[in-house]
Amino acid sequence: MSRITRRFEKLKVEGRAGLITYVTAGDPNLDVSYEILKGLPAAGADLIEFGMPFTDPMADGPSIQAAGQRALKAGISMDRTFAMVRRFRAETRDDETPILLMGYYNMIYQRGEAKFCADAAAAGVDGFIMVDLPPEEADKLKPHASANGLDTVLLTAPTTDAKRLPAILEFASGFVYFVSVLGITGTKSSTADVIQGHVSRLRSQTTLPIGVGFGIRTPEQAAAVARIADAAVVGTAIVDRVKAGLDDKGAPKPDLLPGVFAYIRALSEGVRGARRD
22 MSRITRRFEK LKVEGRAGLI TYVTAGDPNL DVSYEILKGL PAAGADLIEF GMPFTDPMAD
82 GPSIQAAGQR ALKAGISMDR TFAMVRRFRA ETRDDETPIL LMGYYNMIYQ RGEAKFCADA
142 AAAGVDGFIM VDLPPEEADK LKPHASANGL DTVLLTAPTT DAKRLPAILE FASGFVYFVS
202 VLGITGTKSS TADVIQGHVS RLRSQTTLPI GVGFGIRTPE QAAAVARIAD AAVVGTAIVD
262 RVKAGLDDKG APKPDLLPGV FAYIRALSEG VRGARRD
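Take the sequence shown: its letters are residues 22 to 298, numbered as in our numbering.
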């Protein structure tokens, strides 16, 4: 059983949904990025998405695009991203919190699927969310991921039709990521009724847990999703908190880390209390 599956099994026993937090590796610089990564579980993150900065992020909104640029300017690379995950596992002794790499397939293609998966597993990564990986191409990654114990989380959207959904679910493992709005990240939100309908449809097709993301910005919105799905995914709003902790020259202010962690604690409290309301 993978670390991701174990985490969702634990959440099920606890009778609650999980909070999945997205942060960009290397944002705003390598040192602060590691401190954010290290502090996420204690702040309430149940699973962590670690974004791989890419120069052509077609699905990302302005906030995550800017975070990627800050990280690239700070010197992030795939090797340094792996090193941060490896350091997290070694220093925190956290062998329970899943870490997924999220980004674009180019990063895997450049290194080669076999080597990328082997390096990711050796670092302590648990799976991938590839924004631009269609199910028709997933067989290039899936065998190498499975051989290294890595999950492949594929995305579904409101426009995913009945013919395409089975093809997505065939290659999905760990959980299914439902993108609740059309378009790029962080630009708009969906309603609970709309999300409920799509999640019910997914549940009729798969036994995998379902995480819902894109557009969640408040603890109340996270709680609303937590009543419906197995996890609420928050990314852009956290990245915005990182940016808010920078001064006019882009240097981290003393309150950056406390501000980010306080926001995540509020999201976590919303998610954890959702089904007690």
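Even for Gly, the Cβ is constructed at its ideal location relative to N, Cα and C.
Which residue marks the beginning of the alpha helix (DSSP H) containing F235, and which one marks its end? As a working note, residue 235 is residue 214 in the sequence shown. First-last for F235: undefined, no H or E at that position.
I'd like the list of long-range same chain contacts for R296, defined as Cβ closer than 8 Å, with 5 residues on each side in sequence excluded. Translated into the one-based positions of the sequence shown, residue 296 becomes position 275. Hits under 8 Å: G36, R37, A38, A247, R248.
Would you please verify whether the beta carbon of R248 is less than 8 Å from any beta carbon of chain B? No chain B appears in the structure shown, which is made up of a single protein chain.
Mark E70 as exposed unless 16 or more other C-beta atoms lie within 10 angstroms of its C-beta, in which case mark it buried. For the purposes of this step, residue 70 is taken as residue 49 along the sequence shown, with counting starting at 1. Label assigned to E70: buried.
Inside the stretch 220-260 only - beta strand (DSSP E) runs reaching at least 3 residues: 231-234, 252-255
Buried or exposed, going by whether 16 or more other CB atoms sit within 10 Å of the CB of M123? Position 102 of the sequence shown, counted from the start, is the residue given in the question as residue 123. Answer is buried; the Cβ neighbour count reaches 16.
Integer-rounded CB distance, given that F192 should sit under 8 Å from K163: For the purposes of this step, residue 163 is taken as residue 142 along the sequence shown, with counting starting at 1. For the purposes of this step, residue 192 is taken as residue 171 along the sequence shown, with counting starting at 1. About 5 Å; that satisfies the 8 Å criterion.
If you compare alpha carbons, which of Y198, I41, L61 is closest to T227? The residue given as residue 227 occupies position 206 in the sequence shown. Looking at the Cα atoms, Y198 is the closest of the given residues.
Y43 to T212, Cα distance in whole Å? Residue mapping note: residue 43 aligns to position 22 of the sequence shown, counting from 1. Residue mapping note: residue 212 aligns to position 191 of the sequence shown, counting from 1. If I take the Cα positions, the gap works out to 21 Å.
Top-ranked residue by Cα proximity to A272, from A92, R24, S23, F75: Counting from one through the sequence shown, the residue named residue 272 turns up at place 251. Answer by Cα proximity: A92.
Neighbourhood of G294 by C-beta, 8 Å cutoff - its chain only, sequence neighbours within 5 removed: As a position in the sequence shown, residue 294 is number 273, starting the count at 1. The residues are A244.
Scan the stretch 30-97 and note each continuous alpha helix (DSSP H) run of 4 residues or more that stays entirely inside, going in chain order. 51-64, 83-95
What residue range does the alpha helix (DSSP H) around T102 cover? As a first step, residue 102 is located in the sequence shown; it is residue number 81 there, counting from the start. That run of the alpha helix (DSSP H) goes 99-113.
Quick one: grab the DSSP three-state call for M151. By 1-based counting over the sequence shown, the position of residue 151 is 130. Here M151 sits in strand by DSSP.
Give a yes or no on contact between the stretch 218-235 and the stretch 266-282, applying the rule of three or more CB pairs nearer than 8 Å. no
Spell out the partners DSSP gives G124 in its beta bridges. Against the sequence shown, residue 124 aligns to sequence position 103. Answer is M151.
On the premise that A166 lies in contact with C138, defined as a C-beta separation below 8 Å, what is that separation, rounded to the nearest angstrom? Within the sequence shown, residue 138 is the residue found at index 117, counting from 1. Within the sequence shown, residue 166 is the residue found at index 145, counting from 1. Indeed, because the Cβ distance is near 5 Å, the residues count as touching under 8 Å.
Considering Cα atoms alone, identify which of I85, A253, M22 is closest to I216. Here residue 216 corresponds to residue number 195 of the sequence shown, with the count starting at 1. Minimum Cα distance to I216 is reached at A253.
Should the stretch 23-32 be regarded as contacting the stretch 74-83, the criterion being three or more beta carbon pairs within less than 8 Å? no
Tell me which residue opens and which closes the beta strand (DSSP E) that D140 is part of. Residue 140 sits at position 119 when you count from the first residue of the sequence shown. Careful: D140 lies outside any beta strand (DSSP E), inside the alpha helix (DSSP H) at 134-144.
Where Y55 and A63 are concerned, what is the direct C-alpha to C-alpha distance, given to the nearest angstrom? The sequence position of residue 55 within the sequence shown is 34, counting from 1. The sequence position of residue 63 within the sequence shown is 42, counting from 1. Rounded to the nearest angstrom, the two C-alpha atoms are 14 Å apart.
Note down, in chain order, each residue of its chain lying with its Cβ closer than 7 Å to the Cβ of P74, except the 5 sequence neighbours on either side. Working through the sequence shown from its first residue, we reach residue 74 at position 53. If we look at P74 and ignore the five residues flanking it on each side, its Cβ neighbours are T45, A46, G47, G89, A92, L93, I97.
In the DSSP assignment, find the alpha helix (DSSP H) that holds F199 and state where it starts and stops. The residue you call residue 199 lines up with position 178 of the sequence shown. That residue, F199, is in no alpha helix (DSSP H); its beta strand (DSSP E) goes 197-200.
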